[in-house]
Every structure is written in structure tokens, then in C-alpha cells.
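Everything on this sheet refers to the single structure shown next.
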Ligand SMILES: [Zn+2]
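In C-alpha cells form, the structure reads like this:
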């Protein structure tokens, strides 16, 4: 066996400041991905965020965690917007049925701002395309200018097991 004597390992030359701490440089221009605080060149190459620390009030500052929370929050907001749109679509479809019944033209869908592309799901059934919305399907038959609206019994939209709409 061969053991390295730590004293024989050559030390990398470092510059030190007046208090004896190594001088930090920022020539690489690295910065925290969350708050933009510069990251010293002397930090390890994989470092992408500020070091987690507890401040004088006992509050933990954790830029890496904050960035992930924020990203998750943004994704959640997009999903909630989408759910709000689906609730709105459901209301519009109900307004259509009240005013025009359950067989309508594209003109009526347009007038009530029900856009087929905004459906939750699309699938084929007996040669027709089923556009699924919250509580209702709109059936698009080839070569037909009439769209049939039918109620379905699916229970809302779930996100992460939670009923979102
Ligand atoms: Zn930071």
C-alpha cells in the first residue's frame, strides 16, 4: 500500500487578503440562477446558486430551493389558468344550449367563443371527432356543418389528485 502524505501534496498558490482569507475573484462572471448574486471564481464549478444560510432573524435563505418553488408555482398558475378557461367553456356551452339547443353551427360556437381547439381531449368515435370539454362533448361529424353537444358524466379535471375544475 502507498499512502500520500498530505504534507507532500503541493498547495495551489492562492492570493490572500489582509485578514488572511483567500481573495475572491469574479472574472468568470458566474451568478446565482435565482437572485443574480455573483459567484466567486474560487467556488466549485458546479455551483449555480448562493450558499444556503440562516440570517440573524433565523430566516433560511436558499436560492436553489426558491428557484424550484417559483418554477413550480409558475407551472401551477398555468394549469389553474387552463382550468379557469375550461370552467368558462363549460358555462359558454350551457349558454349555447339554453339559447340554441344542442345542435348548432360553427357560427354559434364562434358567437359564444367556444373554440374547439381549446378542448380538454380529442378522440375518434364512430367516424366522428369527439371534442371533450368539462361536462360536455362536442361531436364533429365529417361533412356536416352541424355540431352536436352531448353531456358526459366525467368528474372534472384532476391535477395531482386534486379536483381543479
Ligand atoms: Zn442567490
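In this note's numbering, the protein residues as written are 2 to 166.
In this text, a Cβ means the ideal position worked out from N, Cα and C, and glycines have one as well.
Going by beta-carbon coordinates alone, are residue i and residue j separated by less than 8 Å?
i: residue 64; j: residue 50; result: yes
i: residue 146; j: residue 107; result: yes
i: residue 121; j: residue 87; result: yes
i: residue 150; j: residue 105; result: yes
i: residue 134; j: residue 97; result: no
i: residue 35; j: residue 67; result: yes
i: residue 28; j: residue 18; result: no
i: residue 33; j: residue 166; result: no
i: residue 152; j: residue 136; result: yes
i: residue 129; j: residue 144; result: no
Could you tell me which residues DSSP pairs with residue i in its beta bridges?
i: residue 148; result: 105 and 141
i: residue 122; result: 133
i: residue 55; result: 61
i: residue 207; result: In the structure as shown, the chain starts at 2 and stops at 166, and residue 207 therefore has no counterpart that could be examined.
i: residue 160; result: 163
i: residue 32; result: 39
How would you write the range of the beta strand (DSSP E) that residue i sits in, first residue to last?
i: residue 132; result: 129-133
### Task
Decide yes or no for the touch test of the segment 113-127 against the segment 88-99: beta carbon pairs closer than 8 Å, at least 3 of them.
yes
#### Entry: Closer than 5 Å: residues whose CB approaches a heavy atom of ligand 1
33, 35, 36, 38, 51 and 64
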